[in-house]
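And the structure:
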């Protein structure tokens, strides 16, 4: 009966939250509709682009719902149930248009799969394809999802990670998704914070990495103990465990976490996989809450070595929430952008923009944090962020979401939060000792940042000028060219709030080029491919990734802005298999679909 009463209370609370959020999304969309039509957002003359919130006009009306855990956590429920709003982009039906999957986290709430109809409208097909009803106490609630073609049949499959049982959905020709996680050998229970696909051993099959947040032993709905919180705000090692699952090629995965050397129990919130050491094998960067970041260097597919402290990225304990890669200087080096917490007068950690420098022994770069000098350190309570050329000038910009818990606007939980943060580990680790929030905000009502690059050494926040004014509790950010127009649109998933879709209106005089890759000897999704575009004396490197940012996945298609350049000299593609392909003078303002060539 106690469980039934909790469920009734939870449902009533969701109804209130849902109604309030629907009013909020209607308000912001009505404001956008009153200022411009879907096609009427003229680019800002100073910066070359304008972002126009257009979810309602596109047919998108999703609002995230949060879970309700064990009643012994009621006093801090807004904090412990503060994640789960996620978005992942893929062309799941192979019709040439980018679709996206969004997650909710309330028990009984439904996820949505928005199919792009190619006419500036979307329709939710999650129910009909089997991806909607996935949030229940018996299996867990969604924290995020990531697309990848694990069986190399040409159709993007979906890994759904939860506080609970992770599920793998096999894509059957874009018509339906079949759950195969148990048969595939996925773990029975992971309180997952993040996950990604990568081919760590370069055998042409996508492997799976899942990182836990809460300890796996914690059933968040039926706690055995309230001692589930981090033991430290700086060096916590009592979080969830990592899983590296090798794709055997027969539909099953095997756990190789320990022999491969990636075991850890930190509180991981984001992961990105890419060849950081430039040896052809994908490495793993983990952004961890309550501690230092980790960088696992892949040693020729036979094992990983944690080198975070040696390279500099794992020396300073912070509250890592985001992991994204970008060639910010157009010199072929992939920087790592990790977000943290900054609250003036309370806690100023500053975000990290790690730029690789000279390589030390073993092919390891030494990283330097240039976030402050480049102007992207102070965002707020920072969550998801992505690199992307938003104005097609040839330099990568950053879109970042902020805000933790927005409640009473003039209230603050920061004093009590600071008191518990400096307590003894035995006190911190027990949720019963945490002060009640009592409806107060914790870094709430914060606005997003749109950091525009000058192409040299500085990024400046132009959010308010280009049309971004929302103050929801932002979580995931994903970039995708939803209209195949050569402009990166922005999707923002908000905790207990609406999914926002910012259509990007870019100066049409600025050129662009895009590449959609398909592997043959490499994994079919081409995850791990490295692509360098050279034009007008400039060059920019990008890599095909699965997960990027926080609880997000961008379109796999790579987008390059070219400014006023009407010609690209060459494109060099290094496929995960090691094959290298050069394309001379490809057409600009064009989406190029490239299949991996046969080997020699």
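Residue numbers (my numbering): 1135 to 1734. We put the CB at the ideal spot given by N, CA and C, even for glycine.
Supposed contact pair residue j and residue i - C-beta distance, whole angstroms, cut 8 Å
{"i": "residue 1348", "j": "residue 1383", "result": "Wrong, their Cβ atoms sit about 32 Å apart, outside the cutoff."}
{"i": "residue 1183", "j": "residue 1640", "result": "5 Å"}
{"i": "residue 1320", "j": "residue 1387", "result": "7 Å"}
{"i": "residue 1609", "j": "residue 1517", "result": "5 Å"}
{"i": "residue 1534", "j": "residue 1473", "result": "7 Å"}
{"i": "residue 1303", "j": "residue 1340", "result": "Not confirmed; about 14 Å, so no contact."}
{"i": "residue 1663", "j": "residue 1708", "result": "7 Å"}
{"i": "residue 1448", "j": "residue 1426", "result": "4 Å"}
{"i": "residue 1527", "j": "residue 1589", "result": "7 Å"}
{"i": "residue 1397", "j": "residue 1457", "result": "Wrong, their Cβ atoms sit about 19 Å apart, outside the cutoff."}
Assigned secondary structure, residue i (DSSP; H/G/I helix, E/B strand, else coil)
{"i": "residue 1186", "result": "strand"}
{"i": "residue 1550", "result": "helix"}
{"i": "residue 1213", "result": "helix"}
{"i": "residue 1508", "result": "helix"}
{"i": "residue 1316", "result": "helix"}
{"i": "residue 1138", "result": "Because the pLDDT of residue 1138 is 41, which lies under 50, any placement of that residue in the model is unreliable, and the question is left without a value."}
{"i": "residue 1559", "result": "helix"}
{"i": "residue 1376", "result": "strand"}
{"i": "residue 1207", "result": "helix"}
{"i": "residue 1679", "result": "coil"}
{"i": "residue 1360", "result": "coil"}
{"i": "residue 1394", "result": "helix"}
{"i": "residue 1583", "result": "strand"}
{"i": "residue 1413", "result": "coil"}
{"i": "residue 1606", "result": "coil"}
{"i": "residue 1567", "result": "helix"}
{"i": "residue 1739", "result": "Nothing in the structure corresponds to residue 1739, since the chain is present only between 1135 and 1734."}
{"i": "residue 1613", "result": "strand"}
{"i": "residue 1194", "result": "coil"}
Nearest-angstrom Cα separation, counted from residue j out to residue i
{"i": "residue 1309", "j": "residue 1209", "result": "44 Å"}
{"i": "residue 1232", "j": "residue 1191", "result": "17 Å"}
{"i": "residue 1511", "j": "residue 1615", "result": "27 Å"}
{"i": "residue 1146", "j": "residue 1705", "result": "The predicted model places residue 1146 with a pLDDT of 40, which falls under 50 and marks its position as unreliable; any figure quoted below should be read in that light. Their backbone Cα atoms lie some 55 Å apart in a straight line."}
{"i": "residue 1593", "j": "residue 1631", "result": "28 Å"}
{"i": "residue 1483", "j": "residue 1251", "result": "43 Å"}
{"i": "residue 1680", "j": "residue 1579", "result": "30 Å"}
{"i": "residue 1710", "j": "residue 1411", "result": "14 Å"}
{"i": "residue 1621", "j": "residue 1522", "result": "10 Å"}
{"i": "residue 1115", "j": "residue 1369", "result": "For residue 1115 there is no data in the structure shown, the boundaries of the chain being 1135 and 1734."}
{"i": "residue 1165", "j": "residue 1194", "result": "Confidence is the limiting factor: at residue 1165 the pLDDT is only 35, short of 50, which leaves the residue's position unreliable, though a coordinate-based value still follows. Between residue 1165 and residue 1194, the C-alpha separation is close to 16 Å."}
{"i": "residue 1720", "j": "residue 1673", "result": "15 Å"}
{"i": "residue 1357", "j": "residue 1468", "result": "42 Å"}
{"i": "residue 1236", "j": "residue 1683", "result": "15 Å"}
{"i": "residue 1230", "j": "residue 1659", "result": "14 Å"}
{"i": "residue 1695", "j": "residue 1645", "result": "6 Å"}
{"i": "residue 1717", "j": "residue 1729", "result": "12 Å"}
{"i": "residue 1389", "j": "residue 1297", "result": "19 Å"}
{"i": "residue 1342", "j": "residue 1611", "result": "22 Å"}
When the options are compared against residue i, the one with the closest alpha-carbon
{"i": "residue 1647", "options": "1665, 1725, 1661 and 1673", "result": "1725"}
{"i": "residue 1391", "options": "1439, 1415, 1422 and 1371", "result": "1439"}
{"i": "residue 1574", "options": "1543, 1256, 1449 and 1637", "result": "1543"}
{"i": "residue 1334", "options": "1357, 1379, 1582 and 1689", "result": "1379"}
{"i": "residue 1420", "options": "1710, 1685, 1269 and 1721", "result": "1685"}
{"i": "residue 1485", "options": "1450, 1461 and 1492", "result": "1450"}
{"i": "residue 1399", "options": "1268, 1476, 1351 and 1717", "result": "1351"}
{"i": "residue 1189", "options": "1178, 1213 and 1257", "result": "1257"}
{"i": "residue 1529", "options": "1669, 1503 and 1619", "result": "1669"}
{"i": "residue 1408", "options": "1267, 1661, 1634 and 1513", "result": "1661"}
{"i": "residue 1179", "options": "1643, 1688, 1728 and 1719", "result": "1643"}
{"i": "residue 1401", "options": "1435, 1652, 1532 and 1344", "result": "1344"}
{"i": "residue 1633", "options": "1238, 1722 and 1203", "result": "1238"}
{"i": "residue 1617", "options": "1514, 1279 and 1254", "result": "1254"}
{"i": "residue 1307", "options": "1290, 1218 and 1687", "result": "1290"}
{"i": "residue 1462", "options": "1540, 1365, 1489 and 1560", "result": "1489"}
{"i": "residue 1702", "options": "1723, 1687, 1651 and 1688", "result": "1723"}
{"i": "residue 1286", "options": "1295, 1437, 1455 and 1305", "result": "1305"}
{"i": "residue 1818", "options": "1295, 1417 and 1240", "result": "Nothing about residue 1818 can be read from this structure; the chain reaches only from 1135 to 1734."}
Same chain, Cβ closer than 6 Å to residue i, neighbours up to 5 away in sequence not counted
{"i": "residue 1570", "result": "1209"}
{"i": "residue 1731", "result": "1715"}
{"i": "residue 1676", "result": "1665 and 1692"}
{"i": "residue 1360", "result": "1206, 1564, 1565 and 1566"}
Own chain, CB closer than 7 Å to residue i, minus 5 neighbours either side, in chain order
{"i": "residue 1445", "result": "1429, 1498, 1499, 1500 and 1501"}
{"i": "residue 1733", "result": "1655 and 1713"}
{"i": "residue 1371", "result": "1399 and 1400"}
Chain C within 8 Å of residue i, Cβ atoms only
{"i": "residue 1258", "result": "Among the protein chains of the structure shown there is no chain C, as only one such chain exists."}
Residue i beta carbon near the ligand FMN (any heavy atom closer than 7 Å)
{"i": "residue 1417", "result": "This structure does not include the ligand FMN; it has no bound ligands of any sort."}
Own chain partners of residue i with C-beta closer than 8 Å, once the 5 adjacent residues on each side are dropped
{"i": "residue 1181", "result": "1525, 1586, 1596, 1599 and 1600"}
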